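Peer 1:
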Amino acid sequence: MKKGLKITTIVIGVILILMFLLPFAFRGKIEGIVKAEGNKMLNARFDFSSLDISLFRNFPKASVTLNDFWLKGTGAFENDTLVKAGEVTAAINLFSLFGDSGYDVSKVSVTDTWLHAIVLPDGKANWDIMKPDSATVSETSESSESSPFRVKLQRFVIKNMNVVYDDRQSVMYADIHNFNALCSGDLGSDQTLLNLEAETEALTYKMNGIPFLSQANIYAKMDVDADLVHHKFTLKKNEFCLNAIKAGIDGWVELKDPAIDMDLKLNTSEVGFKEILSLIPAIYSKEFKNLKTDGTATLEATAKGVLQGDTVPRFDVRLSVKNAMFRYPSLPAGVDQINIDAQVRNPGGNIDLTEINIRPFSFRLANNPFSLTADIKTPVSDPDFTAEAKGVLNLGMIKQVYPLDDMELNGTIRADMKMGGRLSYIEKEQYDRFSASGTIALSDMKLKMKEIPDVEIRQSLFTFTPKYLQLSETTVAIGKNDLTTDSRFENYMGYALKGTTLKGTLNVRSNHLNLNDFMTASTDSTTQTAQAASPNEAASLIEVPRNIDFQMDANLKEVLFDKMAFTNMNGKLVVKDGKVDMKNLSMNTMGGKAIMNGYYSTADLKKPEMNAGFRLEGLSFAQAYKELNMVQQMAPIFENLKGNFSGNMHVQTLLDNRMEPVMDTMQGNGSLSTKDLSLSGVKVIDQIADAVKKPELKDMKVKDMTLDFTIKEGRVSTEPFDIKLGDYVMNLSGSTGLDQSIDYSGKIKLPASAGDIAKLTTLDLKIGGTFSSPKVSLDTKSMTNQAVEAVTDKAISEIGKKLGLDSATTANKDSVKEKVKEKAVEKALDFLKKKIK
Numbered sequence: 001m002k003k004g005l006k007i008t009t010i011v012i013g014v015i016l017i018l019m020f021l022l023p024f025a026f027r028g029k030i031e032g033i034v035k036a037e038g039n040k041m042l043n044a045r046f047d048f049s050s051l052d053i054s055l056f057r058n059f060p061k062a063s064v065t066l067n068d069f070w071l072k073g074t075g076a077f078e079n080d081t082l083v084k085a086g087e088v089t090a091a092i093n094l095f096s097l098f099g100d101s102g103y104d105v106s107k108v109s110v111t112d113t114w115l116h117a118i119v120l121p122d123g124k125a126n127w128d129i130m131k132p133d134s135a136t137v138s139e140t141s142e143s144s145e146s147s148p149f150r151v152k153l154q155r156f157v158i159k160n161m162n163v164v165y166d167d168r169q170s171v172m173y174a175d176i177h178n179f180n181a182l183c184s185g186d187l188g189s190d191q192t193l194l195n196l197e198a199e200t201e202a203l204t205y206k207m208n209g210i211p212f213l214s215q216a217n218i219y220a221k222m223d224v225d226a227d228l229v230h231h232k233f234t235l236k237k238n239e240f241c242l243n244a245i246k247a248g249i250d251g252w253v254e255l256k257d258p259a260i261d262m263d264l265k266l267n268t269s270e271v272g273f274k275e276i277l278s279l280i281p282a283i284y285s286k287e288f289k290n291l292k293t294d295g296t297a298t299l300e301a302t303a304k305g306v307l308q309g310d311t312v313p314r315f316d317v318r319l320s321v322k323n324a325m326f327r328y329p330s331l332p333a334g335v336d337q338i339n340i341d342a343q344v345r346n347p348g349g350n351i352d353l354t355e356i357n358i359r360p361f362s363f364r365l366a367n368n369p370f371s372l373t374a375d376i377k378t379p380v381s382d383p384d385f386t387a388e389a390k391g392v393l394n395l396g397m398i399k400q401v402y403p404l405d406d407m408e409l410n411g412t413i414r415a416d417m418k419m420g421g422r423l424s425y426i427e428k429e430q431y432d433r434f435s436a437s438g439t440i441a442l443s444d445m446k447l448k449m450k451e452i453p454d455v456e457i458r459q460s461l462f463t464f465t466p467k468y469l470q471l472s473e474t475t476v477a478i479g480k481n482d483l484t485t486d487s488r489f490e491n492y493m494g495y496a497l498k499g500t501t502l503k504g505t506l507n508v509r510s511n512h513l514n515l516n517d518f519m520t521a522s523t524d525s526t527t528q529t530a531q532a533a534s535p536n537e538a539a540s541l542i543e544v545p546r547n548i549d550f551q552m553d554a555n556l557k558e559v560l561f562d563k564m565a566f567t568n569m570n571g572k573l574v575v576k577d578g579k580v581d582m583k584n585l586s587m588n589t590m591g592g593k594a595i596m597n598g599y600y601s602t603a604d605l606k607k608p609e610m611n612a613g614f615r616l617e618g619l620s621f622a623q624a625y626k627e628l629n630m631v632q633q634m635a636p637i638f639e640n641l642k643g644n645f646s647g648n649m650h651v652q653t654l655l656d657n658r659m660e661p662v663m664d665t666m667q668g669n670g671s672l673s674t675k676d677l678s679l680s681g682v683k684v685i686d687q688i689a690d691a692v693k694k695p696e697l698k699d700m701k702v703k704d705m706t707l708d709f710t711i712k713e714g715r716v717s718t719e720p721f722d723i724k725l726g727d728y729v730m731n732l733s734g735s736t737g738l739d740q741s742i743d744y745s746g747k748i749k750l751p752a753s754a755g756d757i758a759k760l761t762t763l764d765l766k767i768g769g770t771f772s773s774p775k776v777s778l779d780t781k782s783m784t785n786q787a788v789e790a791v792t793d794k795a796i797s798e799i800g801k802k803l804g805l806d807s808a809t810t811a812n813k814d815s816v817k818e819k820v821k822e823k824a825v826e827k828a829l830d831f832l833k834k835k836i837k
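Under full-length UniProt numbering, the sequence shown has 665 at position 665, and the numbering climbs by one with no breaks.
#1: Just verifying my parser: in three-state terms, what is the DSSP assignment at V631?
#2: For a test of the three-state rule: what should DSSP assign to Y328, helix, strand or coil?
#3: Could you check how far apart the C-beta atoms of D444 and T484 are, in whole angstroms? I think they sit under 8 Å.
#4: Please state if the CB of N126 and the CB of L196 are separated by a distance shorter than 8 Å.
#5: Check S214 in the structure and name its three-state DSSP category.
#6: With distances taken Cα to Cα, identify the nearest neighbour of F385 among A436, G123 and D406.
#7: Do S487 and K557 come within 8 Å of each other at the CB atom, strictly closer than that value?
#8: Confirm, please, whether the CB-CB distance from Q343 to V317 is below 8 Å.
#9: Note down the Cα distance separating M262 from K232, rounded to an integer number of angstroms.
#10: To the nearest whole angstrom, what separates the beta carbons of T89 and S109, a pair I think is in contact under 8 Å?
#11: Expressed to the nearest angstrom, what Euclidean distance is found between the alpha-carbon atoms of D47 and Y205?
#12: Might you give, ordered along the chain, the residues of its own chain that have their beta carbon closer than 8 Å to the beta carbon of S534, omitting 5 neighbours on each side?
#13: Would you grab the beta carbon distance between H650 and N669 for me? Rounded to a whole angstrom, and I think it's under 8 Å.
#14: Who pairs with I457 in a beta bridge, going by DSSP?
#15: Count the other C-beta atoms from every protein chain shown that fall within 10 angstroms of the C-beta of K274, then say buried if there are 16 or more, exposed otherwise.
#16: How many angstroms separate the CA atom of P313 from the CA atom of G305?
#17: With 16 as the cutoff for other CB atoms within 10 Å, does G696 come out buried or exposed?
#18: Rank E719, K724 and G348 by C-alpha distance to the C-alpha of K675 and give the top, closest one.
#19: According to the Cβ coordinates, are G734 and S741 closer than 8 Å?
#20: Between which two residues does the alpha helix (DSSP H) carrying L497 extend?
#21: Look at the alpha carbon of T505 and the alpha carbon of T74, and state the distance between them as a whole number of angstroms.
#22: Do you know offhand how far V253's Cα is from F212's?
#23: From this set, N597, M587, Y600 and K607, which residue's C-alpha is nearest G618's C-alpha?
#24: In the DSSP assignment, what are the bridge partners of W70?
#25: Which two residues bound the contiguous beta strand (DSSP E) that contains P369?
#26: How far does the beta strand (DSSP E) with L679 in it extend, from its first residue to its last?
#27: Please report the straight-line C-alpha distance between V684 and A622, rounded to a whole angstrom.
#28: Between D341 and N357, what straight-line distance do the alpha-carbon atoms span, to the nearest angstrom?
#29: Can you give the beta carbon distance from L365 to V321, rounded, assuming they're within the 8 Å contact cut?
#30: Measuring alpha carbon to alpha carbon, tell me which residue in D167, M172, Y165 and L235 is nearest L194.
#31: Can K701 and L677 be called in contact, C-beta distance under 8 Å?
#32: Tell me, which residues are paired with K256 by DSSP?
#33: Indicate the three-state DSSP secondary structure (helix, strand or coil) for L605 in the structure shown.
#34: Helix, strand or coil for K289 per DSSP?
#35: Verify whether the separation of the beta carbon atoms of N217 and A247 is less than 8 Å.
#36: K749: which of K766, T736, F771 and D722 sits nearest, CA to CA?
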């Protein structure tokens, strides 16, 4: 008994040891195969931080795990990450590890994944990364080079996947947050029953900028009869949930690369008006279970035919709501007389055959009726539409029908407008063929919410005509900020329906505008969501829209941006093609005045750029240091300079995502001049004064100084310039760097009163180190050469006698220079060391 127990214990121990040790033996082999197979199949770059093998995780299967896996495209998608996964695990038949005949994969799980799918305007997709198959490869060759991984998949798991789908050709966008899925079945066979279960926490879907779904919760559980040979999938028992809507789907889908054939019907027998309301995110998120409703509602949807490119199946979606109402029991009023008759249909074929009808969408809020009707045809090629809106919305009454919590909302919207015609009439300026009339008026609007400034609009009026949309003078107060504008917009319908360029003129005035209150991530919602998921997060960059063409006149009394303050800002701004051109934009700032001509561009969002010239008058050194990070990095000496400067400069640089200059890309030049500059407290000047034994230089004032400079490759270089320090004149030239290093040389011209050392006329300086720790030294060798080269015939003779040379050698000046130079340098160095020790 004891012997048997002992043997059993030893066997179990040996097995456990082998299970720990075997993964180390196979790791290198499998890692090499994974990379080789990936490179063989993919026209892309991929890698992972590590590969782990475990015999415990999916026992009796072996688990192969790739950690921190990523996949990037090439060419136009070289800088875009298609997939980034925290963990990818495959379960492999344990015994297949011991041979060379391949590996049987039965389970795959993907965890913590970010996927960003992009379709460019030309139709090129970033997921098209598989290398094309070679038709000339023989069957023998194919057999010999077949993949060592045999997929006998029985289970596929996705945990916490975030997906962004950005189709810039079809102008479609989807954001799927926290997607989880499980698929089980024998995927290695020809025919199998698949069990699918999937859920996404929030799905947002937009087409042409119009949101069809916003933060929708979707759940699906279904059995699918899968014909894996013909790629046909027939839906069996299934359940589908969209927020509170529960439905079933009958029919089948067949994949016919590159087309998809289908025959589907939505079964919504249990859907009522309350379930329809769940599609409105604001209502679904607020006490939805307690919501009281009445009225009838039906939802029908079918799709039959082929989906391929711009070809769509025949589909028909219809929503009907009759005399419905909803009310929160905790609130005094509700919304009633709700009627909706909306239909989206296509007979099958081109997507441009789609028709959208809303007749009507109407309701009554606090006894104020509101109605909207719309019809749209040929939505892709040339939208042909009619629309009419009429009614009153009393925003102050919303709190009686909807729980606003800490939000306060007041104001009245009055709408009475109609329009109709083809978009092409507007594009061809055939305004007589397009009808547009009426107004939308807003009065006494106030919005108060936690964590955002209060918003107030006293009065605003939009007037519609076929040619333009006019905005009357409108003052918006946001916190302590105010902005008054009147404007006129052309091509507003093309902008709204197809995203074409909106043209306009604006007059903008403000008494106080703090731009720091509005600094956020990129304004484009698509970009925001993608960046929120991406590791390459951008913050605080103001993006200039590419599809606006505005001429703006600005008159801003006070503007705050970052640490800078501007007053009396006036000038013209032209906003076009993702760029803002500033023309004679004048402002008071940093104790003086500046006039700016140039541009700020985000046409390439990855490389925002500024290129501008400045005329400067009376700016303070100290304020420039305090308010400009660029000055702090490249000219920190400004911090302790007391005085003002004027001049001009031109700067061109890329900007980072905080709109700060990328210093090593900066190029520029300019000229600055100053008067009555105090150098008291400047470390470099203090060290120069110590070097020449003249402490009074530490408190000197500079009467006049002009500085010409260039900026290139991260360094500011100056042409030789003079600083007059009382009776002394210092000439400097050199450069400073991003690392605040100093590399300057200079000369100090000495007055006659300087004593014995004045025999040399100038002192040579070397200035190195950094601004915080400068190092100043006298260039004694250069000074010695200066003394020897500058001597007169009389001086040569005297030096020759003093050095004990034959007097005959002094008859020839060149001969003397040649013969006395070695000893002259030696003696001069000794002399200088004693004098300036």
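Glycine is no exception: its CB is placed at the ideal position from the N, C-alpha and C atoms.
Note that this is a predicted model, so its numbers are computed, not measured.
Peer 2: Checking against the coordinates, here is how it stands:
#1: Taking the sequence shown and counting its residues from 1, the one referred to as residue 631 is at position 631. Residue state, collapsed to three classes: helix.
#2: Along the sequence shown, read from residue 1 onward, the residue named residue 328 stands at position 328. For Y328, the secondary structure class from DSSP, reduced to helix, strand or coil, is coil.
#3: Indexing the sequence shown from 1 puts residue 444 at position 444. Indexing the sequence shown from 1 puts residue 484 at position 484. Between T484 and D444 the Cβ distance is about 17 Å, and since that is not below 8 Å, they are no contact.
#4: In the sequence shown, the residue the question calls residue 196 occupies position 196. In the sequence shown, the residue the question calls residue 126 occupies position 126. Taking 8 Å as the Cβ cut-off, L196 and N126 do not qualify as a contacting pair.
#5: Your numbering for residue 214 matches position 214 in the sequence shown. In the structure shown, S214 sits in a strand (DSSP, three-state: E or B).
#6: Position 385 of the sequence shown, counted from the first residue, corresponds to residue 385. Taking only the C-alpha atoms, the option nearest F385 is A436.
#7: Taking the first residue of the sequence shown as 1, we reach residue 557 at position 557. Taking the first residue of the sequence shown as 1, we reach residue 487 at position 487. Not closer than 8 Å, so no.
#8: Translated into the one-based positions of the sequence shown, residue 317 becomes position 317. Translated into the one-based positions of the sequence shown, residue 343 becomes position 343. Result yes, Cβ atoms of V317 and Q343 sit closer than 8 Å.
#9: As a working note, residue 262 is residue 262 in the sequence shown. As a working note, residue 232 is residue 232 in the sequence shown. Looking at the two C-alpha atoms, the distance is approximately 9 Å.
#10: On the sequence shown, position 89 is the one that residue 89 refers to. On the sequence shown, position 109 is the one that residue 109 refers to. In this structure T89 is in contact with S109, their Cβ atoms being roughly 5 Å apart against a cut-off of 8 Å.
#11: Taking the sequence shown and counting its residues from 1, one reaches residue 47 at position 47. Taking the sequence shown and counting its residues from 1, one reaches residue 205 at position 205. Between D47 and Y205, the C-alpha separation is close to 31 Å.
#12: In the sequence shown, residue 534 corresponds to position 534, counting from 1. Because S534 carries a pLDDT of 38, less than 50, the predicted location of this residue cannot be relied on, and the following value inherits that uncertainty. T81, W114 and H116.
#13: Position 650 of the sequence shown holds residue 650. Position 669 of the sequence shown holds residue 669. Yes, H650 and N669 are in contact; Cβ-Cβ is about 6 Å, under 8 Å.
#14: By one-based count along the sequence shown, residue 457 stands at place 457. Checking the DSSP bridge columns, you'll see I457 partnered with M445 and V476.
#15: On the sequence shown, residue 274 is found 274 positions in, with the first residue counted as 1. Buried is the call here.
#16: The sequence position of residue 313 within the sequence shown is 313, counting from 1. The sequence position of residue 305 within the sequence shown is 305, counting from 1. Rounded to whole angstroms, P313 to G305 spans 4 Å at the Cα level.
#17: The count along the sequence shown starts at 1 and reaches residue 696 at position 696. Note that residue 696 corresponds to Glu in the displayed sequence, not to Gly. Per the 10 Å Cβ criterion, exposed.
#18: Mapped onto the sequence shown, residue 675 falls at position 675. With distances taken between CA atoms, K675 lies nearest to K724 out of E719, K724 and G348.
#19: Walking along the sequence shown from the start, residue 734 turns up at place 734. Walking along the sequence shown from the start, residue 741 turns up at place 741. Result no, Cβ atoms of G734 and S741 do not sit closer than 8 Å.
#20: Position 497 of the sequence shown, counted from the start, is the residue given in the question as residue 497. From DSSP, the alpha helix (DSSP H) with L497 extends over Y492 to K498.
#21: Position 505 of the sequence shown, counted from the start, is the residue given in the question as residue 505. Position 74 of the sequence shown, counted from the start, is the residue given in the question as residue 74. If I take the Cα positions, the gap works out to 42 Å.
#22: Locating residue 253 in the sequence shown gives position 253, counting from the first residue. Locating residue 212 in the sequence shown gives position 212, counting from the first residue. Straight-line Cα distance between these residues: approximately 23 Å.
#23: Position 618 of the sequence shown, counting from 1, holds the residue named residue 618. Ranking N597, M587, Y600 and K607 by Cα distance to G618 puts M587 first.
#24: Indexing the sequence shown from 1 puts residue 70 at position 70. The partner list for W70 (beta bridge, DSSP) reads D47 and K84.
#25: Residue numbering aside, residue 369 sits at position 369 when the sequence shown is read from its first letter. Looking at the DSSP string, the run of the beta strand (DSSP E) that includes P369 is N368 to K377.
#26: If you number the sequence shown from 1, residue 679 lands on position 679. Where L679 is concerned, there is no enclosing beta strand (DSSP E), given that its DSSP letter is neither H nor E.
#27: Residue numbering aside, residue 684 sits at position 684 when the sequence shown is read from its first letter. Residue numbering aside, residue 622 sits at position 622 when the sequence shown is read from its first letter. One C-alpha to the other measures close to 17 Å.
#28: Start at 1 with the first residue of the sequence shown, and residue 341 comes out as number 341. Start at 1 with the first residue of the sequence shown, and residue 357 comes out as number 357. One C-alpha to the other measures close to 8 Å.
#29: Reading the sequence shown from its first residue, position 365 is the one you call residue 365. Reading the sequence shown from its first residue, position 321 is the one you call residue 321. No, L365 and V321 are not in contact; Cβ-Cβ is about 16 Å, not under 8 Å.
#30: Within the sequence shown, the letter at position 194 stands for residue 194. L194 has its Cα closest to that of L235, out of D167, M172, Y165 and L235.
#31: In the sequence shown, counting from the first residue as 1, residue 701 sits at position 701. In the sequence shown, counting from the first residue as 1, residue 677 sits at position 677. Closer than 8 Å, so yes.
#32: Walking along the sequence shown from the start, residue 256 turns up at place 256. Its beta-bridge partners are A259.
#33: As a first step, residue 605 is located in the sequence shown; it is residue number 605 there, counting from the start. Coil.
#34: Within the sequence shown, the letter at position 289 stands for residue 289. Residue state, collapsed to three classes: helix.
#35: Mapped onto the sequence shown, residue 217 falls at position 217. Mapped onto the sequence shown, residue 247 falls at position 247. Not in contact: N217 and A247 (Cβ atoms no closer than 8 Å).
#36: Residue 749 sits at position 749 when you count from the first residue of the sequence shown. Among K766, T736, F771 and D722, the Cα nearest to that of K749 is on D722.
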